[in-house]
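Residue numbers (my numbering): 2 to 116.
Here you go:
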């Protein structure tokens, strides 16, 4: 198949990934409603991550407050949360981390086009 879990390298790629994963439903199950991206922690810092596909870590889109959760797997919030105390500006379309043992709603893979 030659497909890999998605890596994101620009605001445009983040927008496309987010649109593909958006359900127009309100999330209410915490991390299980989030979507897994293709990066894993690779160092001691809060934002030390690397893409599974080996491409450069040259773009980030952390949630407004930065990394809030503990864990080693990168996630994106493509939908609104049912949490009135948390304004969407702080998390919607942005990244955070969760433990890799979490069962996530979805992930997205990409494959190089063949012409």
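Backbone N, C-alpha and C fix where the C-beta goes; we use that ideal spot for every residue, glycine too. Keep in mind that this is a model prediction, so the values were computed, not measured.
Inset, instruction - Could you say if the region 44-60 and the region 4-15 meet the contact criterion of at least three C-beta pairs nearer than 8 Å? - result: yes
Inset, instruction - Indicate whether residue 77 and residue 21 have their beta-carbon atoms separated by less than 8 Å. - result: no
Inset, instruction - Spatial neighbours of residue 72 within its chain, please: CB distance less than 6 Å, with the 5 preceding and 5 following residues excluded, ordered by chain position. - result: 98, 99, 100
Legend entry - Separation of residue 14 from residue 102, as counted between CA atoms: 26 Å
Inset, instruction - Answer yes or no: do residue 112 and residue 4 have a C-beta to C-beta separation smaller than 8 Å? - result: yes
Inset, instruction - Check residue 98 in the structure and name its three-state DSSP category. - result: strand
Legend entry - Cβ of residue 110 within 8 Å of any chain C Cβ: This model lacks chain C altogether; it includes just one protein chain.
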